[in-house]
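These notes are about the structure you will find just below.
4 protein chains.
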Amino acid sequence: MIEVAIVGATGYAGAELLRLLTAHPQIKHILAGSQSYEGIPFSRQYPSMKAIYDESCVENDLNTLARQCDVIFLALPHGIASKQVNEAILDQCVIIDLGADFRLKDIGVYEQWYKTKHEGRALLSKAVYGLCELYRDEIRHSRLIANPGCYTTCSILTLAPLLKAGLIEKDSIIIDAKSGVSGAGRSEKIDSMFCECNESIKPYGVATHRHTPEIEEQLSLALNNNTEGTGITVSFTPHLVPMNRGILTTCYAQLKSGVQTAHIEQAYKESYAGEHFIRLLGYGTFPETRWVKGSNWCDIGFTVDKRTNRIIACGALDNLVKGAAGQAVQNMNIVFGFAEDVALETPPAFPV
Amino acid sequence: MIEVAIVGATGYAGAELLRLLTAHPQIKHILAGSQSYEGIPFSRQYPSMKAIYDESCVENDLNTLARQCDVIFLALPHGIASKQVNEAILDQCVIIDLGADFRLKDIGVYEQWYKTKHEGRALLSKAVYGLCELYRDEIRHSRLIANPGCYTTCSILTLAPLLKAGLIEKDSIIIDAKSGVSGAGRSEKIDSMFCECNESIKPYGVATHRHTPEIEEQLSLALNNNTEGTGITVSFTPHLVPMNRGILTTCYAQLKSGVQTAHIEQAYKESYAGEHFIRLLGYGTFPETRWVKGSNWCDIGFTVDKRTNRIIACGALDNLVKGAAGQAVQNMNIVFGFAEDVALETPPAFPV
Amino acid sequence: MIEVAIVGATGYAGAELLRLLTAHPQIKHILAGSQSYEGIPFSRQYPSMKAIYDESCVENDLNTLARQCDVIFLALPHGIASKQVNEAILDQCVIIDLGADFRLKDIGVYEQWYKTKHEGRALLSKAVYGLCELYRDEIRHSRLIANPGCYTTCSILTLAPLLKAGLIEKDSIIIDAKSGVSGAGRSEKIDSMFCECNESIKPYGVATHRHTPEIEEQLSLALNNNTEGTGITVSFTPHLVPMNRGILTTCYAQLKSGVQTAHIEQAYKESYAGEHFIRLLGYGTFPETRWVKGSNWCDIGFTVDKRTNRIIACGALDNLVKGAAGQAVQNMNIVFGFAEDVALETPPAFPV
Amino acid sequence: MIEVAIVGATGYAGAELLRLLTAHPQIKHILAGSQSYEGIPFSRQYPSMKAIYDESCVENDLNTLARQCDVIFLALPHGIASKQVNEAILDQCVIIDLGADFRLKDIGVYEQWYKTKHEGRALLSKAVYGLCELYRDEIRHSRLIANPGCYTTCSILTLAPLLKAGLIEKDSIIIDAKSGVSGAGRSEKIDSMFCECNESIKPYGVATHRHTPEIEEQLSLALNNNTEGTGITVSFTPHLVPMNRGILTTCYAQLKSGVQTAHIEQAYKESYAGEHFIRLLGYGTFPETRWVKGSNWCDIGFTVDKRTNRIIACGALDNLVKGAAGQAVQNMNIVFGFAEDVALETPPAFPV
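Chains as they are written, first to last, in the working numbering: chain A, 10 to 361; chain B, 10 to 361; chain C, 10 to 361; chain D, 10 to 361.
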């Protein structure tokens, strides 16, 4: 039985994490840290949790929390975690960071895309990229886990097997991604208002979205057999879809000459054999976000456009679960030796 | 460990039931009966369940299923259950009927509102109305449970305490109810199409909806201390709301002279003390369907409009969970002596 | 050809007004006043208007605008109009106020519900309540028109004929109202965010909403043949529905003894004979917001619940058109002697 | 003043056409043809049109209608128009076909993608492709106009200028398209139900959608200076978005070496100078479907992803207006010499 804290518990990802953790049989206590709502019952912000979690939010103080907890989840804007996490904290507890600070190995790339100095340089080498299906063994022995972004998890899970198996042209990758609105977080701004999002679709962050370098670094590692995080450049276009949750990535790439459908099926099976949370739909069947909503599953399907010799492969997941809180729990389960699906077993509800 | 069957598993209520039951630790096997999809994998209709429940649908035959199962859930249009259930079947298994056939004690009222002859007259006296919070003891010993309707569960839970405590004028009750679209089921019809429901609200079945007599019978029993199912007539107006799930009942009634807010608080507490799935929000706080979505909770709040001396009390629940499949599982848990919340523990997700 | 200004043009009601006015053949120029976006192209906030209205916003200064314009529309929070409008301004131009300041005749009622002192006391007697179908003759000769609220327009149009004809018990009126989210305006707040509104319905302002006294005053005038604005007290419960636009009011009242359906049909016909923007659906047919969306129509239907002798009458309109900007244009058309439906002819689109 | 008929008036495109035409000052009478609702008031299916168009539907008989009308709009499933239209009908009236039968010049391509024999071979050479901005002069003198598809209008308007100006590599085009649900029409099927579409996004018809050859033929003509309809092959992936209306096409292409942003701006300006219904948003600004909803506008914006030397250009339009009924009216206006925007002037409402 372990004790956990969530720093930034009242954002959407933090609250989803709290919800999942309350149902975890190996957790004896959860602390919900919040800068804005310290001292106020968590369920005031999320009445869904009334009678389930009736504690008040505590101060977002890493040092204090580290003394009390076995693991701390950070759900914070970028730039904060890298300032606050240090060796002393990692000696006391495991950190699972849902933010961006420890995801990129190349600090120059981080500083270029996030337009801020990285203040946790010394710890970067200790951080493991928490994409469970790719780095399970490293995660098991890590104290600092960089939980991947939502778009990135979906993009990488869809594309990495194709690169590992050498099936696609590395300069031909285009990722057209679609996300529900909860991905934008719970801070009030006109762009996130109901009437501004409802009944519309829009691209945003075109050619500039910060998940791009994360996708590129990981796809490069997949291509280069985990030796080098460069070499792949992608076009990545996110879109906002009028729905609460869900990410769909529609990925395009030129197949290498001679690649057959069977090779693609084979590549996916090799990468994901025995993976509990990956469902391979196979050739000609495509994922839809409704089938994974509220769950930790990632569904993947593809087709080959024979007229252009392109593969069109799609992945779908729930941005707040496999794309954030669920994967964070999965990482915790790996680190602490719990079964990987504990607290993540609920099948996706439909319609929901 | 028990074996269960769902007759009508591919409708929304049936599928939600299947989903909940797959996570139930006391169930060793589930049979999914379907008239339309017999022999076809259930997950073809609900890809959400792929890798979770990969069996094919079986024939919807009550006699066969009764021999194999400890409990059968019926999720069928009205008029079928009353024809097919019989003593021989009840000798072999428990029946939990999500349909309307065994809900009304007064067969004349049934035939008048459903405009069809009731063919299960002999069994009516054996049926228990499966509103768990009101009839737990009777349910425990029953073999035939009539799971209540979605609107009715929400209306009765909100109003019964006020009648039991004698706080409101019995002829003054108005229930203005709102439901998500999943309440209309999964049969294709123009009225249920996306573009016909989205971005609109409408009343329907005004003064004629079949949940009316069910509400009236139960409220009468509450008023008359469970001795008589008549005496209460209500105005009940359902509305269709552009959302997948959720029921909100806004209930109006004239307070009897001298009734104070404290009496109302007291009445609710007495009725629901210790009830796991009822959350009393108290005076001045109102439920919203988002806080119960995907869960078995029913939230209740109220205010007193002092200028008119009316109480306005609201209940909210998820029509497919507490309003259908969740309550059916709760009933099963009661009958078989499992903890009442097994397989119903998942807290409501938000936003979802 | 006239010149007009909108003060508060970048809110939803103001922008809808601008949109309607750009298509008005009798308007030669429109000034869009905005406190927040002065000097910035209006279409920066509403790219829908690019190439249609490319002017920049001007200062929200009533005195300046009054010198340039024949009519000024005010779309401001309450309390501002009553401070700024004065005789000098009314000498120069007509004021159509979409806010609450001049709607209530009883200043004490205003101050009680709005919890602020009314600073335009002297002008109150000059103000005409701009519900076109009820006060057309007074509007024609007025310089200060108080455009009604959205809920109120819908509630009054549905109920006034019944009171005028003496068909319902005056103390029995309950209005259960439902609104789309645009009614909450365009200011960022957590409650108006997509993920907080989507997939949920909630009551709010129960027994305390500020449209209540406006409804009561007008229904009292209907009851008392326009002699006295008191006597009617209603229960009014607004609900937030996950859709952009639309208001539905479900109104309940006890019928007086002996009242027949034909009397009700007759009452509606007498009140609305020849009214262009009222569609009477008659007995047993109910309005839905989708059929009026984007238009200036108000649809009304009803039934009689014979078991309780209550009438259930429903009205539906678009909150931003007939409930705000459309009615404001209709008022302008009346004042300036244009055909009443100029710029309001577009039939409701569907599905939209 | 002309007389018009719509064959297939009760589908979404047909009904939108009827709505637009009722506001057209040059039309003296509209006949609404319907196979399913002949003899029934049109407003029974679309109560939005009550009091605006109260006529009953007439038989869908082309020969009869041709005798009465100056122009007939066909809104029918593919394969019917090509059987029924003939020289005799074209002698009597203009045909504007919203279906697919006369859009493709290459009959072999039609038969391959639509898997049916084309029965109107003789008329194909008389048909003009009704994309107004590209073929205005030909349309003016035509009696048989093939109104383009919704996805195709949006894709072609976005990409044609780039091909005409020779700025992109012809084999590199990928179109990732997103559509609202009304594009699927008004026939009941499970896939179009509210609960099946709401809160989800999915790809469909991947690499097989029938708008593909139409896009390819037209882009080839743009590339080859209107001499040859072959040479371009694209990857086209449509997605279903939970909204009523709107199409967004996100188009990717490799820029030819040396192409600068200014060349792109120039290409768009040359193609669309003076075009009333095209709004060029320019470099770095992207269209959103909400800004064109309910209107005949098509908005276009783009960026250059310098790291990959790709252009990402997006178009947005309303699938029922510029993508169907609005463009059909625009075509009619061109043929009959009316101002091109008559009955299409209403600015897009927002939020709607």
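For every residue, glycine included, the Cβ atom is placed at its ideal position computed from N, Cα and C.
- Look at CYS66/D: its C-beta is not under 7 Å from any C-beta on chain B.
- DSSP places GLU12/B inside the beta strand (DSSP E), whose first and last residues are 11-16.
- For HIS33/B, the closest alpha carbon among the candidates GLU68/A, THR355/A, LEU83/A and TYR160/A is that of THR355/A.
- Non-local beta-carbon contacts of SER244/B in its own chain, meaning distances under 8 Å to residues more than five positions away in sequence, involve ILE182, ILE183, ILE184 and ALA216 in chain order.
- Closer than 9 Å at the C-beta level to chain A, one finds these residues of the region 197-215 of chain B: ASN207 and GLU208.
- Contact annotation for GLY255/D against chain A: SER209 and ILE210 [CB-CB distance below 7 Å, chain order].
- 7 Å or more divides the Cβ of VAL344/A from the Cβ of VAL94/A.
- Taking C-beta separations shorter than 7 Å and ignoring five residues to either side along the sequence, the partners of GLU178/B in its chain run ALA262, GLN263 and LYS265, following chain order.
- If you draw a 10 Å sphere on the C-beta of ASP110/D, you find 16 or more other C-beta atoms in it, and that means buried.
- Counted as a single uninterrupted DSSP element, the alpha helix (DSSP H) harbouring ILE273/C occupies residues 270-281.
- Within chain B, PHE203 and CYS204 have C-beta atoms less than 9 Å from the C-beta of SER191/D, given in sequence order.
- Two segments are said to touch when three or more pairs of C-beta atoms, one from each, lie closer than 8 Å; by this definition the region 244-257 of chain B touches the region 196-208 of chain B.
- Here DSSP, grouped into helix, strand and coil, assigns CYS78/C to coil.
- A straight line joining the alpha-carbon of LEU232/C with that of LEU71/D spans about 56 Å.
- Nearest CB-CB separation between ARG288/D and chain C: below the 7 Å threshold.
- Judged by their CB atoms, TYR62/B and GLN54/B are not nearer to each other than the 7 Å cut-off.
- Scanning chain C for C-beta atoms nearer than 9 Å to the C-beta of ARG195/A yields ILE199, MET202, CYS204 and GLU205, reported in chain order.
- For PRO357/A, the nearest CB of chain B lies under 7 Å from its own CB, placing it at the interface with that chain.
- Look at GLU47/C here: in three-state DSSP terms it is strand.
- The C-beta distance from PHE359/D to ALA24/C rounds to 7 Å, short enough to fall under 8 Å.
- Taken through DSSP and simplified to helix, strand or coil, MET252/C comes out as coil.
- The residues THR270, GLU274, PHE311 and THR312, in chain order, have a CB closer than 7 Å to that of TYR292/B in the same chain once the five nearest residues on each side in sequence are set aside.
- Inclusion of LEU290/D and CYS307/D in the CB contact set at 7 Å is not warranted, their separation being larger than that value.
- Relative to GLU142/C, the option among ARG219/C, THR162/C and HIS220/C whose CA is nearest is THR162/C.
- The beta carbon of TYR55/B sits closer than 7 Å to some beta carbon of chain A.
- Counting C-beta pairs with one atom in each stretch, the region 316-326 of chain A and the region 138-158 of chain A have fewer than three that are closer than 8 Å, which means they do not touch.
- Contact note: GLU147/B does not reach chain C at a C-beta cutoff of 8 Å; the least C-beta distance is about 29 Å.
- When Cβ-Cβ separations below 7 Å define contact, PRO360/B makes contact with chain A.
- Scanning its chain for C-beta atoms nearer than 7 Å, with the 5 sequence neighbours on each side dropped, one finds around VAL361/A the residues LYS302 and GLY303, in chain order.
- Taking a contact as a CB-CB distance under 8 Å, the pair ILE81/A and ALA14/A counts as one, their CB atoms being some 5 Å apart.
- Closest by C-alpha distance to ALA136/A, out of ILE287/A, PHE295/A and GLU147/A, is GLU147/A.
- The beta carbons of ALA22/C and LEU107/C sit closer together than 7 Å.
- For secondary structure counted as the beta strand (DSSP E) over 3 or more consecutive residues, the region 283-330 of chain C holds these complete runs in sequence order: 287-292, 307-314 and 319-326.
- Look at the region 259-285 of chain B: the residues with a C-beta under 8 Å from a C-beta of chain C are THR259 and TYR261.
- Of all alpha-carbon atoms in LEU30/C, LYS37/C and ALA41/C, the one lying nearest the alpha-carbon of GLY20/C is that of ALA41/C.
- Beta-bridge partners of PHE245/D (DSSP): ILE184/D.
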